[in-house]
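Chemist:
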Amino acid sequence: MAVAFGPGIMPGHNYVSACDIVLSETGQLPHLPVLPDRGKDHSLVALTAGLSPELFLAPGPRTWVMEHRESSLSRSLRVNVERDLDVAEALWTTVDAVKFQIAGPFSLAAQLETPTGQPVLQDPGALEHLTDCLVEAATQFSATLAHRLGAQRVVVQVDEPRLDEVAAGALPGPTTFDPIRPVHSEAVRERLARFPESHLLLNLCGSPENVAAVTAPTIVDVAAMQTRSALLDVLGNRLDSASAVLALDPQRVAQDPREEAIALARLCRKLGVDQTILSGIDVTLARPPQDPGRSYAGLHELAEILTRDAGDL
120 MAVAFGPGIM PGHNYVSACD IVLSETGQLP HLPVLPDRGK DHSLVALTAG
170 LSPELFLAPG PRTWVMEHRE SSLSRSLRVN VERDLDVAEA LWTTVDAVKF
220 QIAGPFSLAA QLETPTGQPV LQDPGALEHL TDCLVEAATQ FSATLAHRLG
270 AQRVVVQVDE PRLDEVAAGA LPGPTTFDPI RPVHSEAVRE RLARFPESHL
320 LLNLCGSPEN VAAVTAPTIV DVAAMQTRSA LLDVLGNRLD SASAVLALDP
370 QRVAQDPREE AIALARLCRK LGVDQTILSG IDVTLARPPQ DPGRSYAGLH
420 ELAEILTRDA GDL
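Under my numbering, the first residue of the sequence shown is numbered 120, with each subsequent residue one higher.
In structure tokens form, the structure reads like this:
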């Protein structure tokens, strides 16, 4: 059975409205909305820090700074998380399954500096501490959601949109003489493998070049994976092993879900993959939708079409 779920980040400021859209259109796997339009303190970086009792962030001159001590901002970020969870619990009461997301260690480190102004990616100790904080946060918040919402299944979505840049050493260093070194695929695989395997979902939209470097179930941007033959091969292998979640264009999904289903079946035939496998492949959006109501409704319809008609498209 194909399941539709949202990517997590949504436009707007109203958490109640966002929760209502999520549950009504993607009730098989609702997600906690992330609403960065509410301000920097509600970005995915801030949310991730709010989930970790040991990750202390402060605003710096260029980017976020990873501090050694708790600050009033750190406490405020945790309050934001708790307040939003209270809203979701009041509206949803109980759910069988739920998804939440955090920033992954590489993409998050790309946006953080140490108190001395050094990129966290260049400080092995800081990167190690950051990873430990994220793994602990994922584990603890999963338990919290299971308790608060009665969820039997809690999916942890780890977002790594900048992994391709990090792995390639394409991020600018603090100076031209101090570049940020590339990260090899073995190191990528090892660090991401520290997250609990049960119900882990890596989101590599924005990082198609590293889909082959990881083994966990992965959200892949279908359009991006069709830009090179090598990436098409990776996509085919992922479909064959049923370890991919297909991320699609929000506007196209909203406009014509059946046409999107037909396009996916056509892609399977091109890759030499049995298109009936689509009946069990989950679908999501490749980026935050401008109109979540329409895009989520289209996504829900797409999943129903794939479940029912995958072999006949």
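A virtual CB, placed ideally from N, CA and C, is assigned to each residue, including glycine.
(1) Using 8 Å as the cut-off, can you tell me whether the segment 162 to 181 makes contact with the segment 193 to 208, which would need three or more C-beta pairs spanning the two stretches below that distance?
(2) Thinking C-alpha only, which one of N133, I400, P407, A384 is nearest Q370?
(3) Here's the rule I'm using: 16 or more other beta-carbon atoms within 10 Å means buried, otherwise exposed. How should R389 be labelled?
(4) Could you give the first and the last residue of the continuous beta strand (DSSP E) run that contains A349?
(5) Whether or not the segment 215 to 227 and the segment 280 to 297 are in contact is what I'm after, with contact meaning three or more pairs of Cβ atoms, one per stretch, closer than 8 Å; do they touch?
(6) Taking DSSP as the reference, what is the three-state secondary structure of E232?
(7) Can you tell which of R357, S398, I338, T235 has the C-alpha that lies nearest to the C-alpha of V274?
(8) Helix, strand or coil: how does DSSP classify I400 here?
(9) Please name the residue in A366, A331, P336, A332 whose C-alpha comes closest to that of A342.
(10) May I have the straight-line CA-CA distance separating V206 from A257, to the nearest angstrom?
(11) Tell me the DSSP secondary structure of A429 in three-state form.
(12) Using only the alpha-carbon positions, how far apart do A361 and A123 sit?
(13) Are the Cβ atoms of A405 and D368 separated by less than 8 Å?
(14) Could you tell me the boundaries of the beta strand (DSSP E) in which T337 lies?
(15) So, are the CB atoms of V333 and L321 less than 8 Å apart?
(16) Who pairs with W183 in a beta bridge, going by DSSP?
(17) Quick one: Cα of R413 to Cα of A228, how far?
(18) Indicate whether N329 and V364 have their beta-carbon atoms separated by less than 8 Å.
(19) In whole angstroms, give me the CA-to-CA distance for D139 and A216.
(20) N322 by DSSP, collapsed to three states: which one?
(21) Could you tell me which of A335, T403, K159, S326 sits nearest to R465, measuring between CA atoms?
(22) Go to K389, then tell me how far its beta strand (DSSP E) extends in each direction, as first and last residue.
(23) Please say whether I424 and R377 have beta carbons closer to each other than 8 Å?
(24) CB V153 to CB G127, shorter than 8 Å?
(25) Give me the Cβ distance between D242 and T233, rounded to the nearest whole Å; I'm assuming they're in contact under 8 Å.
(26) Determine the DSSP secondary structure at H266, reduced to helix, strand or coil.
Modeler: Based on what the coordinates show:
(1) yes
(2) If you number the sequence shown from 1, residue 370 lands on position 251. Among N133, I400, P407, A384, the Cα nearest to that of Q370 is on P407.
(3) Along the sequence shown, read from residue 1 onward, the residue named residue 389 stands at position 270. According to the sequence provided, residue 389 is Lys. The question's Arg does not apply to it. So K389 counts as exposed.
(4) What you label residue 349 is simply residue 230 of the sequence shown in a count that begins at 1. First-last for A349: 348 to 359, but that is the alpha helix (DSSP H), not the beta strand (DSSP E).
(5) yes
(6) Within the sequence shown, the letter at position 113 stands for residue 232. It is a strand residue.
(7) Here the question's residue 274 lines up with position 155 in the sequence shown. Closest option to V274, Cα to Cα, is I338.
(8) In the sequence shown, the residue the question calls residue 400 occupies position 281. I400 falls in the coil class under three-state DSSP.
(9) Along the sequence shown, one-based indexing puts residue 342 at 223. Among A366, A331, P336, A332, the Cα nearest to that of A342 is on A366.
(10) Walking along the sequence shown from the start, residue 206 turns up at place 87. Walking along the sequence shown from the start, residue 257 turns up at place 138. Roughly 20 Å separates the two Cα atoms.
(11) Counting from one through the sequence shown, the residue named residue 429 turns up at place 310. If DSSP states are grouped into helix, strand and coil, A429 belongs with the helices.
(12) Within the sequence shown, residue 361 is the residue found at index 242, counting from 1. Within the sequence shown, residue 123 is the residue found at index 4, counting from 1. Each residue's Cα considered, the two are about 15 Å apart.
(13) Translated into positions along the sequence shown, residue 405 becomes position 286. Translated into positions along the sequence shown, residue 368 becomes position 249. The answer is yes: Cβ separation under 8 Å.
(14) Position 218 of the sequence shown holds residue 337. That run of the beta strand (DSSP E) goes 337 to 340.
(15) On the sequence shown, position 214 is the one that residue 333 refers to. On the sequence shown, position 202 is the one that residue 321 refers to. Contact: yes.
(16) As a position in the sequence shown, residue 183 is number 64, starting the count at 1. Paired residues: P178, L231.
(17) Residue 413 sits at position 294 when you count from the first residue of the sequence shown. Residue 228 sits at position 109 when you count from the first residue of the sequence shown. Each residue's alpha carbon lies about 34 Å from the other.
(18) Within the sequence shown, numbered from 1, the residue matching residue 329 stands at position 210. Within the sequence shown, numbered from 1, the residue matching residue 364 stands at position 245. Contact: no.
(19) Counting from one through the sequence shown, the residue named residue 139 turns up at place 20. Counting from one through the sequence shown, the residue named residue 216 turns up at place 97. Spanning the two alpha carbons is a distance of roughly 16 Å.
(20) The residue labelled residue 322 in the question sits at position 203 within the sequence shown. Note: N322 maps to strand in three-state DSSP.
(21) As shown, the chain starts at 120 and ends at 432. That puts residue 465 outside it, with no answer to give.
(22) In the sequence shown, the residue the question calls residue 389 occupies position 270. No beta strand (DSSP E) contains K389, which is instead part of the alpha helix (DSSP H) from 376 to 390.
(23) Within the sequence shown, numbered from 1, the residue matching residue 377 stands at position 258. Within the sequence shown, numbered from 1, the residue matching residue 424 stands at position 305. Yes, Cβ-Cβ distance for R377 and I424 is below 8 Å.
(24) Counting from one through the sequence shown, the residue named residue 153 turns up at place 34. Counting from one through the sequence shown, the residue named residue 127 turns up at place 8. Taking 8 Å as the Cβ cut-off, V153 and G127 qualify as a contacting pair.
(25) The residue labelled residue 242 in the question sits at position 123 within the sequence shown. The residue labelled residue 233 in the question sits at position 114 within the sequence shown. So it is a contact: roughly 5 Å between Cβ atoms.
(26) Working through the sequence shown from its first residue, we reach residue 266 at position 147. Helix, per DSSP.
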